[in-house]
Every structure is written in structure tokens, then in C-alpha cells.
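Numbering (the working numbering), first residue to last: 87 to 244. Just so you know, even glycine gets a beta-carbon here, dropped at the ideal spot from N, CA and C. In this text the structure is predicted, and so the values were computed from the model without any measurement.
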Amino acid sequence: MLVAGGGVAALELLLGLRELAGMRIDLELLSPEADLRYPPLEVVEPFDLVPPSIALADALAPLGVVHHRDALMAVDVDGHTVQTYAGATLSYEALVVAVGARHEPPLPDTLTYADRASRAHFAVLLAEAEAESGRVRNILFAVPPGSTWRCRSTSSRS
Ligand SMILES: Cc1cc2nc3c(=O)[nH]c(=O)nc-3n(C[C@H](O)[C@H](O)[C@H](O)COP(=O)(O)OP(=O)(O)OC[C@H]3O[C@@H](n4cnc5c(N)ncnc54)[C@H](O)[C@@H]3O)c2cc1C
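What follows is the structure in C-alpha cells.
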């Protein structure tokens, strides 16, 4: 089985499959990054903190998963092959595409923390909130209804 993606969905699938099927199936991961992508921890970066990194190699080695450091470009469903951005062709019996979702800003004129590219915007916001100039005096944190994530921090800025 070939799994494309390097986030929790891909890793949990590999862990689950190994648990269920043992070594009866070959598992391969197609992901460009060396570390597991874990967005919940990335939000500390604008605060000048470094999130812990989880090396995929450490997680995959005990599972006997082959890691292709490359990215999925196209799928030939009939031929049971994928093309990678580096120009390789990989064959598969079963393919799981777990490459994450595309982020869309939910509200105009707001900041949404989508990924590491958002870090710079939030760093500026924090710097302006801390500055004596008072340019930013209130920050509204909006959470959509139905969210089940747990937030332990209760601190706020005003
Ligand atoms: C700021 C933020 C905070 C969050 N906080 C929480 C939380 O507290 N609790 C919670 O439960 N959820 C939280 N989430 C949601 C959670 O991060 C996602 O549900 C989860 O990361 C989805 O995992 P995923 O593996 O599907 O996708 P992703 O984590 O997006 O990983 C996608 C992976 O696919 C790889 N990839 C992309 N394109 C290709 C390609 N073409 N070929 C191969 N690989 C590719 C990427 O490099 C990446 O490794 C948060 C999300 C964000 C953005």
C-alpha cells in the first residue's frame, strides 16, 4: 500500500495498518518532509517558541515503512501508478491520498492561522499589540461553533 502525505492522517493510517495486518503487507509513504507535520504545535512559532519536531524516520523505522522523500503529482488509476514531482513512477496495489486540506480564509479582513506561512502575520500582530503606540488595543479570537478542540489557555490580551 502507498500512502501520500506526511501528517497525522498518514501516520495514524500506517500505525493502524501495521497493527491490523502485521508484516503481511508492504507499506510505503510518499511525503516531501523529513518531519511529521503537526499544525496544532506550529501555532507557538509567532511567540518565538520552537515546536517539538517528530522525525518521520524514527516513527517509520519500527513499522518497516519505506519513505519516499518526494511529492505526489498525478495518479494513473488504470495503471495503478503515481507520478512524483521529482519524476519518479511508483506502483501501488492500494493508494491512500492524505495530503491535507486547502485552507480558505473564513472571514474577510481577518487573520487566520492556516500554516507556517501565517507565522509572519501573527508575529507582526503580537509585536504591535505589545508596542507602546497602542495601534492594536483589542484582539478578537473567533472560534466557529461546533469546534471540539480543547483550549487550555485562558490568557487574553486587551
Ligand atoms: C493552526 C491549526 C491548529 C490546529 N489545532 C488542532 C487541535 O488543537 N486539535 C485537533 O484535533 N486538530 C487541530 N488542527 C487540525 C489538524 O491540524 C488537522 O486536522 C490535521 O493536521 C489534518 O491532518 P492531515 O494529515 O489530514 O493533513 P496535514 O496535517 O495538512 O498534513 C498534510 C501532509 O501532506 C503532505 N503533502 C501535501 N501535498 C503533498 C503531495 N502532493 N504529496 C505528498 N505529500 C503531500 C504535507 O507535506 C503534509 O505533511 C489544527 C489545524 C491548524 C491549521
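- Under the 10 Å beta carbon count, Gly-102 is surrounded by fewer than 16 other beta carbons and is classified as exposed.
- Residue burial is scored here from C-beta neighbours: Arg-123 has at least 16 other C-beta atoms within 10 angstroms and is therefore classed as buried.
- Closest in C-alpha terms to Ser-204, from the list Phe-133, Arg-223 and Asp-121, comes Phe-133.
- If you compare the alpha carbons of Val-182, Leu-212 and Leu-226 with that of Thr-196, the shortest gap goes to Leu-226.
- Contact between Val-168 and Ala-157 fails: their C-beta atoms lie close to 10 Å from each other, not under 8 Å.
- Here Glu-131 is actually not in contact with Gly-92; their C-beta atoms are around 18 Å apart, not less than 8 Å.
- Taken atom to atom, the span from the alpha-carbon of Ser-219 to that of Arg-202 is near 27 Å.
- Closest in alpha carbon position to Leu-99, among Ala-215, Ala-180 and Ser-139, is Ala-180.
- Contact check for His-189 against Tyr-178 fails: the beta carbons are separated by 8 Å or more.
- Boundaries around Asp-144 are those of the alpha helix (DSSP H), 142-146, since no beta strand (DSSP E) includes it.
- In terms of Cα proximity to Val-229, the closest of His-207, Asp-112 and Pro-192 is Pro-192.
- Secondary structure in the region 109-146: the alpha helix (DSSP H) runs of 4 residues or longer, each lying completely within the stretch, are 125-128 and 142-146 in chain order.
- Set against 7 Å, the gap from the CB of Arg-123 to the closest heavy atom of ligand 1 is smaller.
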